[in-house]
Amino acid sequence: MSVQAQLVSDMDDESRLYAETKQVNQFFRRFNGEEDDKGDRYDPKDRQYQSVKLRKKYLGMLFDAGNAGIKSDLKAQFGKDVLEGANPVILDFHGGNWFAEVHTTFLYNNKAQTMILFLKLEKDHLGTKWVIDRVHADMFDPYFKRDTTKVGKFLHPLSHELDFMNLRKAFQNSDSVSQFAGKRFVADHLSVFLYEIKKGNLKFKTVDEVKFHFFQIPGWYFELSEFNRPGNNNGWLISNLVSLKSESERNILRKYLYYETK
1239 MSVQAQLVSD
1249 MDDESRLYAE
1259 TKQVNQFFRR
1269 FNGEEDDKGD
1279 RYDPKDRQYQ
1289 SVKLRKKYLG
1299 MLFDAGNAGI
1309 KSDLKAQFGK
1319 DVLEGANPVI
1329 LDFHGGNWFA
1339 EVHTTFLYNN
1349 KAQTMILFLK
1359 LEKDHLGTKW
1369 VIDRVHADMF
1379 DPYFKRDTTK
1389 VGKFLHPLSH
1399 ELDFMNLRKA
1409 FQNSDSVSQF
1419 AGKRFVADHL
1429 SVFLYEIKKG
1439 NLKFKTVDEV
1449 KFHFFQIPGW
1459 YFELSEFNRP
1469 GNNNGWLISN
1479 LVSLKSESER
1489 NILRKYLYYE
1499 TK
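Everything in the sequence shown is counted per this note's numbering, starting at 1239 for the first residue and increasing by one.
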């Protein structure tokens, strides 16, 4: 009886492993219908390869079933847009329009600080590599704050007649120096991040969380997150889904994800 119980338990574990999407690359293959339920890849000449029937089967498994915010009708419309039509949509690993959001902990002067790194794939010779595209850190925000509620310090429009010698006043107070930058100035946390790393003030400690953002599907955005929990709905799953009505909505969402709306 104990041997039989162990066998049943092992089979359950094996079934769970087949059901969960263990790697991001496997999510791509399942979304595209390029592997069977045991994780074995289909030959591109196989009739099952990227078949709509297989992709429909997988698509229902690739959502976080615990997220009640992703409504059934929204999933259905997404599936219709992806799978129906003359040219079903295939995710392309090297196709751009997707990026990683990596939450990390760094030590800044021996104090733990959260740094959010945005990484994207970039062509490099004959291959590709992940590169840090942007950084967001709350600790950098005070570096760029500008008081817009009152008239701040400024350089007189006739400053050129003084050979700009009044720049001395601009740099007297480090707290107000950002007021002398143009209105279109945008804080670049990545530059500050790299500077602090080179100065030795920031030291990497650990990665806390990873998620991915996809804009490859026309008219849609989805988020990919990893779930480690009991049951079959496990691994890398779609954790958020948004229908985008226009390019404007797409751009607004991108800015929101990059923390550029503050």
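Cβ coordinates follow ideal geometry from the N, Cα and C atoms, glycine included.
Annotation: the continuous alpha helix (DSSP H) that includes arginine 1406 extends over 1405-1408. For arginine 1467, no beta strand (DSSP E) segment is defined, and its DSSP state is neither H nor E. In this structure leucine 1491 does not touch serine 1477 by the C-beta definition: roughly 15 Å separates them, more than the 8 Å allowed. The beta carbon of histidine 1374 sits closer than 6 Å to the beta carbons of Ile1354, His1427, Tyr1497 from its chain, once the five residues preceding and following it are set aside; these are given in chain order.
The C-alpha of glutamate 1322 lies about 46 Å from the C-alpha of phenylalanine 1442.
If you check the CB distance, lysine 1391 and glutamine 1410 do not come in under 7 Å.
The stretch 1450-1467 and the stretch 1480-1491 touch, with three or more beta-carbon pairs separated by less than 8 Å. Residue state for serine 1397 is assigned as helix, using DSSP reduced to three classes.
When DSSP reads this structure, phenylalanine 1344 sits in a beta bridge with Gln1351, Phe1442.
A contact between stretches requires three or more CB pairs, one per stretch, nearer than 8 Å, and the stretch 1429-1444 meets this requirement with the stretch 1336-1346. Per DSSP, the beta bridge partners of serine 1481 are Trp1458. The three-state secondary structure of glycine 1304, taken from DSSP, is coil. It is roughly 50 Å from the alpha-carbon of leucine 1364 to the alpha-carbon of leucine 1393. In the three-state reduction of the DSSP assignment, alanine 1425 falls in the coil class.
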